[in-house]
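Numbering (our numbering), first residue to last: 36 to 576. All C-beta atoms in this analysis are idealised placements derived from N, C-alpha and C, irrespective of residue type, glycine included. What follows is a short report on a single structure.
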């Protein structure tokens, strides 16, 4: 929410701070006015405040409290906001709980605005020094803001003085941002930081442990992203013992996890992505020639690390090279291919998950029908998204090969999302309009205009063997086939999806419960979608 006090030019902004309460006594007691303001929220409160100066002053703290405040994206708005707050800082700054600051007021300022820009920085610093109760702080382009401070370090020191911040969002952070937040002694619990390590800045090694060094006893969730650079930093004297969730992304490859493991020893959920193209990230031939040597070194350093790791989301080759060997309950990744099956087997043997969430293409079995895709693993739950469009074998034959590859597993549940993008075409339709503008089905009405409509529909005229196979597939028979190959199966889910990235509500879905008698007979019960989804959500939790 933008707060603007109605100033039209900078001269009005620069007026002296006015008395917080009008000199004329209120006809209603302040208790009554505050009760009125307390029970009017959002736009009604703002409209109420505009009716008279008494309600304006009574309602201001409630307008600012417990709301996500956008300071403003122009110099005038920043000055207006600061002036509004500083007219009565005790009642207007202290209620602030959530604040968002953008660098646009800096980058859009011209040379003639420098006087007012310096004024804005001074006023912002004052606001932060009064706003002792800020719990959420978001700064877009934080380095741009701190580097552009004409007062030197006034704003940086004011930010560092905050003591009640529990959640932080920062973008384009570099040295100045790290230094400012390294001085902030606040009980930060969640942090989301985008570091800018692009070559033009010479900032190569972002250090989240230093940035939040005073939150080592409170930080529970950390989301770090980086344009370039590698997270390779000195291990802090005091590890972050409370951190449980770590999400890491970078444009450059991260070959070692040692710094992260030692700084954040009690991680239970780790998601890792390096933003390289999928076709490259798991193409073994494009990884470093010394991958095996790197892995051997990392295995010595990562032994016995991250003993509490429970959920892992990371591709095969990064885990392989980094020597990740912490046992997990659930592993998810997107790129299982023929050229990384060996590394997949190695990582599976190291981390031994009970639940696997994976994506692969139908071409896995193009050259080797008896491919040992899943050697003997203690795997209980498999969730596989399969792109049927990438493969030479007929769909039926591929499903047979894939099903036989599961025979070595003692699975309890399996969910298959069979994805195929049906060809689409654009169809134009038209209906004549009566003179009164209503649609008419009488095409002989020569005086009528036409209403044209464009629709994108399935192209059923183009031959599509995958579509034909899926539409005629006996799903119950295939579920029984799976149940016989994997004798431990209890629950099966099959989805005919279009886009492999998302499951749509209208995608055909089948859920089956399998019962086995003592003599080995199999009976399959088809579950309704709601019961089936609930069952799988509980199993995959």
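query	result
Assigned exposure category for residue 358 - 16 Cβ within 10 Å defines buried	buried
Straight-line Cα distance separating residue 256 from residue 279	6 angstroms
Beta-carbon proximity list for residue 515, same chain, < 6 angstroms, skipping 5 on both sides	559
Residues of its chain near residue 573, where Cβ-Cβ distance is below 6 angstroms and the 5 sequence neighbours each way are ignored	none
For residue 386 and residue 315, the rounded distance between their alpha carbons	At residue 315 the pLDDT is 49, less than 50, meaning the model places this residue with poor confidence; the figure from the coordinates comes in the next sentence. Their backbone Cα atoms lie some 24 angstroms apart in a straight line.
Residue nearest to residue 566 in terms of C-alpha spacing, selected from 526, 532, 542	526
Residue environment, residue 94, which counts as buried when at least 16 other CB atoms sit within 10 Å	buried
Residue 478 versus residue 496: straight-line alpha-carbon distance, rounded	In this prediction, residue 478 scores a pLDDT of 48, lower than 50, which makes its location untrustworthy; no coordinate-derived value is stated.
Start-end ranges of the alpha helix (DSSP H) lying completely within the segment 332-408, minimum 4 residues	351-356, 376-386
Where residue 413 falls, given that 16 or more other Cβ within 10 Å makes a residue buried	exposed
Collapsed DSSP secondary structure at residue 299 in the structure displayed	coil
Three-state secondary structure (DSSP) of residue 94	helix
Own chain residues within Cβ distance below 7 angstroms of residue 164, not counting five before or after	193, 196
Three CB pairs or more closer than 8 angstroms across the segment 125-134 and the segment 165-174	yes
Nearest-angstrom Cα separation, counted from residue 532 out to residue 329	39 angstroms
Cβ-based burial, residue 569 [other Cβ within 10 Å; buried from 16]	exposed
Beta-carbon separation (whole angstroms), residue 606 vs residue 254, contact threshold 8 angstroms	There is no way to answer for residue 606, as the model of the chain reaches only from 36 to 576.
Extent of the continuous alpha helix (DSSP H) run through residue 179	177-182
Exposed unless 16 or more other CB atoms sit within 10 angstroms - verdict on residue 465	exposed
Beta-carbon separation (whole angstroms), residue 245 vs residue 268, contact threshold 8 angstroms	7 angstroms
Beta-carbon proximity check, residue 347 vs residue 300, cutoff 9 angstroms	no
Where residue 231 sits in the DSSP three-state scheme	strand
Best match in 112, 176, 123 for proximity to residue 152 [C-alpha to C-alpha]	112
For residue 493, the residue or residues it bridges with in DSSP	459
Nearest-angstrom beta carbon gap, residue 503 and residue 455 [assumed within contact, 8 angstroms]	In fact, because the Cβ distance is near 11 angstroms, the residues do not count as touching under 8 angstroms.
Residue 223, enclosing alpha helix (DSSP H) - first and last residue	From DSSP, residue 223 is part of no alpha helix (DSSP H); its letter is neither H nor E.
Under the three-state DSSP convention, the category residue 569 falls into	helix
Rounded straight-line distance, which links the Cα of residue 139 to that of residue 382	46 angstroms
CB contact check: residue 102 to chain B, cutoff 9 angstroms	Absence of chain B from the displayed structure is noted, only one protein chain being present.
9 angstroms Cβ cutoff met for residue 398 and residue 426	yes
Limits of the alpha helix (DSSP H) - the one that residue 437 falls within	430-440
Which of helix, strand or coil DSSP assigns to residue 158	helix
Integer Cβ distance of residue 392 from residue 367, believed to fall under 8 angstroms	4 angstroms
Beta-carbon contacts of residue 288 that lie in its chain and below 6 angstroms, excluding the five residues immediately before and after	309
Any non-hydrogen atom of the ligand MN closer than 8 angstroms to residue 245 Cβ	This structure simply doesn't include the ligand MN, nor any ligand for that matter.
Close beta carbons around residue 312, own chain, < 8 angstroms, minus the five adjacent residues each side	With a pLDDT of 47 at residue 312, under the threshold of 50, the modelled position of that residue is not reliable, and the figure given next carries that caveat. None.
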